[in-house]
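Colleague: Before anything else, here's the structure in question.
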Ligand code: SF4
């Protein structure tokens, strides 16, 4: 073999030969393979980097609902690397597996653990520590020392105005806990335990760490503020429609769908570990549609993109509903849909039509209920039993399953939807004696949000001297689906641009072409009919965090209800939850709310709590009637939202904390003493009398009075100020008393509440102490007086 045959040239050959002077190796005859021994020191770095003593299972307890299982590799107590766990139970041979689950955010988590921003020791505001130590040395008692610092105006201003400006110093656990405990005892003793407040987001993730704080709060008698509604993740439409917080399937059910829409949900980005089912179901032939204002990450997975402008989704959904109703409930009847809506929806329930008190004509009023009918009025809870028209017997009947069957012994066992031979009339149009009448309906097509009135017709029958139609009759009228012989203004066709809820009308608003709206609505209904309800809409924050999200969600959910998809595998709506740990919920609920200690727990809506206590109500120039229907009867006219809150609290519809303008511990002692003196039969009776006679007041009525301020706030697993504190500047000013950018723009000056005491000077710095427990420095820890380190998830 020549040198030229071994290499690609003389120069290369010379270089190789030259190299052998420096390195010894054996080689094959043709020189194509060489054999080295030793010399692997360069690999050591990599071997060390990936070596480990043990593997620990972990996850990331964030509010992402993924709960992905991870293998965390540990060496000498240090996390060296992590990888996705692959031992999930199999789903069987004919479905995709759950694993691998994970996302890039989670894969980077060990970097948090060793980040320079990691909180590893307790920290305290230096000025507070210095003043506390001085007071304690002088007074000898921790509680008296904290009271001394927190009630002296100059000292209070000194540590409050330092919030958010650095100045945290390391402190020992013992002293940090002592000061925290002293402040809690001071509040409980001098103001009342319901002046303690706590916040932590969703318990569905990391239930134990959530429960630890809530139990602490409830054992002390403090108040917990809600979270799901506060950061606008709660799909309010769900309790409105189903009476259930979030009635949705888990993401694995996406794979059962035969027609899948992603509506306002960027699945690969926000539901990364679940996204594969959406991608995999396409291999089954499922058509995937996306509704998104932009060319989002999920759009590239879709077969079709409906580019609705942001905030216009309701118009698109109403118009798809128009097509579905017209073509499947009027032009023809689809037995699958008809059977479904008769059994599982209220479309056949009868609704009274009444003259509007301000002369707008007939409007829809309340459901016809058993108590309205002489032959049924004597039933238990008759006022809560809805009524339908039975086409079989030709009379009104009371079907089982409504609320009135739920809570009395007489109706035990009748909480089901078995129609027992009733044939519900979906419309009263064909009932003998039915007559078409014109009704007034509200419409909110004005982009500024003002409502207008549209006039359309429904068939009506008379029962006990009142006129009634069904929910479907009203729905067809609202959606503008005309039927022969009915009065009112109706769409001339799908191409009618000027009549609300037609495909052509929505195109002007959403930018989705009318033809596409019609075609997708038809495909949606056809698939639902042929697959018996396996049409699904994955719906997400793109809509839920939008103003009036409840109305938009309801318009979208109606498409699914009309076509028999709710409650079916592969069908229905899939909001961005579905991985919550429901099984331990019962035990968790008792433990977290300290129900073994006292009940009910003091919990209230976060939105209302912060609106009042951060004084955002003082600059709220809106009145509650700004969002009412043009057909409303004036209950909210001129009402300030703070008045609405006070009314809801006074009537017992909504708890508010603090509850009274007195320390509840003192109040309980006084009440018991009054009972002992024979002045009242019970504590409750005495408290009710004190309220009635004005000697005791609700705290909300004078929410800015010092005795009604929240005094202690503790945050854990939460960056309240950096994320969910809507109106953060108001928090900084009124709760924390530090620098802020609240603009005194005079809003609200002309519109003040009637039921809330107005103080010309709004309080600044209501909080005596802000504590945060976290594993990293956040906007909230920087504003806090005391910071406690938390163990990170992997630790
Ligand atoms: S989705 Fe990401 S952050 Fe959430 S648990 Fe899975 S890997 Fe962790």
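In UniProt numbering, the protein residues as written are 1 to 795.
Ideal Cβ positions, reconstructed from N, Cα and C, are used throughout, including at glycine.
As the structure is a prediction and not an experimental result, all values here were calculated from the model.
Taking its Cβ as the centre, do 16 or more other Cβ atoms sit within 10 Å of residue 754, making it buried, or is it exposed?
Modeller: So residue 754 counts as exposed.
Colleague: Ligand 3 heavy atoms versus the CB of residue 59: any closer than 7 angstroms?
Modeller: Within the structure as shown, ligand 3 is missing, the only ligands being ligand 1.
Colleague: How would you label residue 4, buried or exposed, when you count the other beta carbons within 10 angstroms and need 16 or more for buried?
Modeller: In this prediction, residue 4 scores a pLDDT of 47, lower than 50, which makes its location untrustworthy; the coordinate-derived value is nonetheless stated afterwards. It counts as exposed.
Colleague: Using DSSP's beta-bridge definition, name the partner residues of residue 660.
Modeller: 698.
Colleague: Express the C-alpha separation of residue 425 and residue 697 in angstroms, rounding to a whole number.
Modeller: The alpha-carbon atoms of residue 697 and residue 425 are separated by roughly 52 angstroms.
Colleague: Please return the same chain residues whose Cβ sits closer than 7 angstroms to the Cβ of residue 2, not counting the five positions on each side in sequence.
Modeller: Residue placement at residue 2 cannot be trusted, given a pLDDT of 47 that sits under 50; what the coordinates show is reported in the next sentence. No residues qualify anywhere along the chain.
Colleague: Give me whichever residues DSSP pairs with residue 259 in a beta bridge.
Modeller: According to DSSP, residue 259 bridges with 287 and 535.
Colleague: Any heavy atom of ligand 1 closer than 7 angstroms to the CB of residue 540?
Modeller: No, the Cβ of residue 540 stays beyond 7 angstroms of every heavy atom of ligand 1.
Colleague: For the beta strand (DSSP E) containing residue 123, name the first residue and the last one.
Modeller: Element bounds for residue 123: 123-125.
Colleague: Give a single yes or no on whether residue 102 has its beta carbon closer than 7 angstroms to a heavy atom of ligand 1.
Modeller: Yes, the beta carbon of residue 102 sits closer than 7 angstroms to at least one heavy atom of ligand 1.
Colleague: Ignoring anything shorter than 3 residues, give me the beta strand (DSSP E) runs that lie fully in the region 43-74, in order along the chain.
Modeller: The qualifying runs are 54-58.
Colleague: Please return the same chain residues whose Cβ sits closer than 6 angstroms to the Cβ of residue 543, not counting the five positions on each side in sequence.
Modeller: Answer for residue 543: 264, 313, 549 and 552, listed in chain order.
Colleague: In whole angstroms, what separates the C-alpha of residue 208 from that of residue 275?
Modeller: Distance between the alpha carbons of residue 208 and residue 275: 28 angstroms.
Colleague: Just the Cα atoms here: how many angstroms apart are residue 618 and residue 748?
Modeller: One C-alpha to the other measures close to 6 angstroms.
Colleague: For residue 640, which of 652, 627 and 632 has the nearest alpha-carbon?
Modeller: When only C-alpha atoms are compared, the closest one is 627.
Colleague: State the CB to CB distance for the pair residue 386 and residue 346, rounded to an integer number of angstroms; the pair is presumed to be in contact (CB under 8 angstroms).
Modeller: 7 angstroms between Cβ atoms; contact.
Colleague: Residue 106: beta carbon under 7 angstroms from a heavy atom of ligand 1?
Modeller: Under cutoff, so the answer is yes.
Colleague: Note down, in chain order, each residue of its chain lying with its Cβ closer than 7 angstroms to the Cβ of residue 434, except the 5 sequence neighbours on either side.
Modeller: So the list reads 428, 459, 460 and 461, once near-sequence residues are dropped.
Colleague: Give every residue of the same chain whose Cβ lies closer than 7 angstroms to the Cβ of residue 430, excluding the five residues on either side of it in the sequence, and list them in chain order.
Modeller: Result list for residue 430: empty, nothing under 7 angstroms.
Colleague: Determine the contact status of residue 779 and residue 712, defining contact as a CB-CB distance below 8 angstroms.
Modeller: No; because the gap between Cβ atoms is not below 8 angstroms, this pair is not in contact.
Colleague: Just the Cα atoms here: how many angstroms apart are residue 513 and residue 247?
Modeller: Residue 513 and residue 247: Cα-Cα distance of roughly 32 angstroms.
Colleague: The beta strand (DSSP E) spanning residue 170 covers which residue range?
Modeller: It spans 168-170 - the beta strand (DSSP E) in which residue 170 sits, taken as one unbroken run.
Colleague: Have a look at residue 359 and residue 188 and give me their C-alpha separation to the nearest angstrom.
Modeller: So the two alpha carbons sit approximately 55 angstroms from each other.
Colleague: So, helix, strand or coil for residue 792, using DSSP?
Modeller: It is coil, neither helix nor strand.
Colleague: Report yes if the C-beta distance between residue 364 and residue 371 is below 8 angstroms; otherwise report no.
Modeller: Against a cut-off of 8 angstroms, the Cβ pair of residue 371 and residue 364 comes out as no contact.
Colleague: In three-state DSSP terms, what is residue 388?
Modeller: It is a strand residue.
Colleague: Residues in the same chain with beta-carbon distance under 6 angstroms from residue 601, minus the five sequence neighbours each way, listed in chain order, please.
Modeller: These residues qualify, in order along the chain: 218 and 593.
Colleague: What is the residue span of the beta strand (DSSP E) that residue 191 lies within?
Modeller: Element bounds for residue 191: n/a, residue is neither H nor E.
Colleague: At a cut-off of 7 angstroms, is residue 273 close to ligand 1 when judged by its beta-carbon and the heavy atoms of the ligand?
Modeller: Indeed, a heavy atom of ligand 1 lies less than 7 angstroms from the Cβ.
Colleague: Can the beta-carbon of residue 168 be found less than 8 angstroms from the beta-carbon of residue 118?
Modeller: No, Cβ-Cβ distance for residue 168 and residue 118 is not below 8 angstroms.
Colleague: So, is residue 410 buried or exposed, given that buried needs 16 or more other C-beta atoms within 10 angstroms?
Modeller: That one is exposed.
Colleague: Would you kindly check if the distance between the Cβ of residue 362 and the Cβ of residue 250 is under 8 angstroms?
Modeller: No, Cβ-Cβ distance for residue 250 and residue 362 is not below 8 angstroms.
Colleague: In the DSSP assignment, find the alpha helix (DSSP H) that holds residue 650 and state where it starts and stops.
Modeller: Looking at the DSSP string, the run of the alpha helix (DSSP H) that includes residue 650 is 641-650.
Colleague: Determine, using beta carbons only, whether residue 173 and residue 235 come nearer to each other than 8 angstroms.
Modeller: The answer is no: Cβ separation not under 8 angstroms.
Colleague: Mind checking residue 573: buried by the 16 CB within 10 Å criterion, or exposed?
Modeller: Flag for residue 573 reads buried.
Colleague: Pop quiz: residue 193 and residue 664 are said to be a contact at Cβ under 8 angstroms. What is the actual Cβ separation, rounded to whole angstroms?
Modeller: 7 angstroms between Cβ atoms; contact.
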